[in-house]
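Heads up: the sequence shown begins at 1 in full-length UniProt numbering, then just goes up one per residue.
Ideal placement from N, C-alpha and C gives every residue a C-beta, glycine not left out.
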Amino acid sequence: MDGTKVVSGGADKTVRLFDLATQQTQTIGQHEEPVRTVRAVQCGPQNTPCIVSGSWDKTVKYWDMRQPTPMCTLTMPERVYAMDASQKLLVVATAGLHVEIINLNNPNQIFRSTLSPLKFQTRSIACYPKGDGYAVGSIEGRCGIQYVDAMQQKDYGFSFKCQREQKANPKEALIYAVNSIVFHPVYGTFATAGADGTFSFWDKDSRHRLKGYPSFGATIPAVNFNRTGAIYAYALSYDWSKGYQYNTPNYTNVVRLHICRDEEVKPRGKRKT
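Here it is as structure tokens:
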């Protein structure tokens, strides 16, 4: 989208569009269960702009923002937990470790069905800026680097540990969910953030952590870069990882902006093979 509108979905099962200029809210879609995630994409050979929503009703729906009925509905194998898009790649992660890969040139069918390379429940997923693969994060503090092309996956796919607090005993660590993954729009490096209240910048090609930050004292449910990659936004708010009893009135609830320096987000070396 062009930055003039905000799309949202929530537990009321509704997809809404908010116009920043007119301050008006428009209902553009409905699901049978809570809406977990939404994305703005361009579909088909004509690059038709539309909104994609993923829901716990086990469907992904495309909306053209001008009519209340979906352009297309895809049935997922399970409840949608995470979704992202870049270029012509749309990836949907569901319960049961399923990952559905969709080519937006042909958005009304699944291009490929696969499984997460990680053993535990998927919490986050993010596409590479070039649209040739994606990173997936789990509740076990792991991130998997995946490629759509089978040969690239064989050569360059891997997984690594993150969002972990190492104890004095090297065999012991506290493990936290990877709540959010986002790729730098210029450099293609990426950030992970999670329930441990920390975030780190990574270079997947050199398999190197560029910069890590200590805990901010609250869980981080979501992060993102601005369009140029100069600013990194992160939210400090309760992520419900410990149940309702930890949702106290005095829990931190704020969005902060971090100015990115090149040494934090710029790739450092060649791809490792």
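Secondary structure note for VAL265: its alpha helix (DSSP H) is the uninterrupted segment 262-265.
In the displayed model, LYS154 falls within a helix according to three-state DSSP. Taking the CA atoms as reference points, PRO34 sits about 16 Å from VAL92. Scanning the region 108-160 for uninterrupted alpha helix (DSSP H) segments of 4 residues or longer gives 150-156, listed from N- to C-terminal end. In the DSSP assignment, GLU100 falls within the unbroken beta strand (DSSP E) covering 98-103. Rounded to whole angstroms, ARG268 and ASP203 show a C-alpha spacing of 8 Å. By the beta-carbon neighbour count (other beta carbons within 10 angstroms, threshold 16), TYR128 is buried. Between the alpha carbons of SER116 and LYS171 lies a distance of about 25 Å. In chain order, ASP57 place their CB closer than 6 Å to the CB of GLU32, counting only its own chain and leaving out the 5 sequence neighbours on each side.
Pairing CYS162 with THR122 gives a Cβ-Cβ distance that is not under 8 Å. Note: ILE259 is bridge-paired with ILE231 in the DSSP secondary-structure output. Straight-line measurement puts the Cα of LEU118 at about 14 Å from the Cα of TYR147. The C-alpha of GLY96 lies about 22 Å from the C-alpha of GLY9.
Annotated three-state conformation of TYR251 is coil, per DSSP. In the three-state reduction of the DSSP assignment, TYR213 falls in the coil class, being assigned neither a helical nor a strand state. For TYR176, the secondary structure class from DSSP, reduced to helix, strand or coil, is coil. With contact defined as three or more Cβ pairs closer than 8 Å, the region 173-190 and the region 246-256 are not in contact. Judged by beta-carbon spacing, PRO107 lies beyond the 8 Å limit of CYS143, meaning their Cβ atoms are not closer than that value.
Sorting CYS50, LYS154, ASP19, GLY44 by C-alpha distance to the C-alpha of ASN103 places GLY44 at the top. By the 16-neighbour rule on beta-carbons within 10 angstroms, PRO68 is exposed. CA-CA distance, GLN23 to TYR62, rounds to 24 Å.
In the DSSP assignment, LEU20 falls outside any beta strand (DSSP E), carrying neither H nor E. When only Cα atoms are considered, TYR134 and ASP12 end up about 29 Å apart.
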